[in-house]
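Numbering (UniProt numbering), first residue to last: 1 to 292.
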Amino acid sequence: MQTQQSFKEHATGTLYLVPTPIGNLEDMTFRAVNILKDVDLILAEDTRNTQKLLNHFEIETKQLSFHEHNTSERIPEVLGLLKQGQNLAQVSDAGMPSISDPGQELVKAAIEEHLTVVPLPGANAGLTALIASGLVPQPFEFYGFLPRKPKEQKDTLAELKNSPIAIIFYEAPHRLTKTIKNMLEVIGPDRQVVLARELTKRYEEFIRGNLQDVNEWISENEVRGEFVIILDRNLNPEVEDQSWEKLSVSDHVDFILKTEDIKTNEAIKRVAKLRGLAKQEVYQIYHNLKES
Numbered sequence: 001m002q003t004q005q006s007f008k009e010h011a012t013g014t015l016y017l018v019p020t021p022i023g024n025l026e027d028m029t030f031r032a033v034n035i036l037k038d039v040d041l042i043l044a045e046d047t048r049n050t051q052k053l054l055n056h057f058e059i060e061t062k063q064l065s066f067h068e069h070n071t072s073e074r075i076p077e078v079l080g081l082l083k084q085g086q087n088l089a090q091v092s093d094a095g096m097p098s099i100s101d102p103g104q105e106l107v108k109a110a111i112e113e114h115l116t117v118v119p120l121p122g123a124n125a126g127l128t129a130l131i132a133s134g135l136v137p138q139p140f141e142f143y144g145f146l147p148r149k150p151k152e153q154k155d156t157l158a159e160l161k162n163s164p165i166a167i168i169f170y171e172a173p174h175r176l177t178k179t180i181k182n183m184l185e186v187i188g189p190d191r192q193v194v195l196a197r198e199l200t201k202r203y204e205e206f207i208r209g210n211l212q213d214v215n216e217w218i219s220e221n222e223v224r225g226e227f228v229i230i231l232d233r234n235l236n237p238e239v240e241d242q243s244w245e246k247l248s249v250s251d252h253v254d255f256i257l258k259t260e261d262i263k264t265n266e267a268i269k270r271v272a273k274l275r276g277l278a279k280q281e282v283y284q285i286y287h288n289l290k291e292s
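Dropping the structure here:
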């Protein structure tokens, strides 16, 4: 167990997680500007991009690059600076650190070393889109970016299609067409969906309709800007066949392999989810490594 009193005096430095605007620079908070001015160093996903923000607010704090490709080598260095008493701020290019952006590994490492981690509130594309979507906003699930490979993406969508709550996805413009087509194929044409693009910017736009409507809109318009996709909850979820309850775990896996064109590991994953078991446990039973 571990407790943290964020604003108590500490011998070590503090790691501040500072959200940045997702488009409109006026969404930067006074507190965020002051923190970035006061810390000893800013950890930036892209120092060139962050420098534009710093210049706008006349912030002269030095930067250190911290992104997905140098995380493992940077973390020991950053922890060392914090232990020396330096205060650091971590920012991503836009929005919240750690939310589909670098940061989670650093936060985990800092907490394991009993260092203070202080989050600041701020802009987030997913929530910004959700509150203006017109869909039931809560509860909701934030998924982020779907897998890029078509089969993996379709498999993921198949697992999510019966969700009783809205799901928030992020998608790049060059992948949006294929992602919506896969949603249409896996989920069907009638599910309501909202696309939000260029949030807080001059060309902010919301496209609301069912998956068929949105797919047609994409085919007739130029797709530009970063997108948030909000998939509405399933009001009529398919009920899973419960006949498997009379089967052993191994027979259940074999049954799925016979009735569906999927690989063994995928069948094991499906059985684990249906039965509320760990995937590793089903794997061990099926391969005779553990009694069923």
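In this text, a Cβ means the ideal position worked out from N, Cα and C, and glycines have one as well.
Asked	Found
Residues bridged to Ala89 (per DSSP)	Tyr16 and Ile42
DSSP state of Ser65 mapped onto helix, strand, coil	strand
Check whether Val193 and Val214 have beta carbons under 9 Å apart	yes
CB of Val253 within 9 Å of CB of Thr128, strictly	no
According to DSSP, residues forming a beta bridge with Val117	Leu15
Leu231 (DSSP reduced to helix, strand or coil)	strand
Residue burial classification, Asp261 (beta-carbon count within 10 angstroms, cutoff 16)	exposed
Glu171, DSSP secondary structure in three states	strand
8 Å Cβ shell around Thr179 - same chain, five flanking residues per side excluded	Leu146, Gln153, Phe169, Glu171 and Ile229
Buried or exposed by the 16-neighbour rule on C-beta atoms within 10 Å, applied to Ala44	buried
Reduced DSSP category for Gln104 - H, G, I as helix; E, B as strand; rest coil	helix
C-alpha gap between Ala267 and Ile256, whole angstroms	6 Å
Identity of the residues DSSP links to Gln192 by a beta bridge	Asn210
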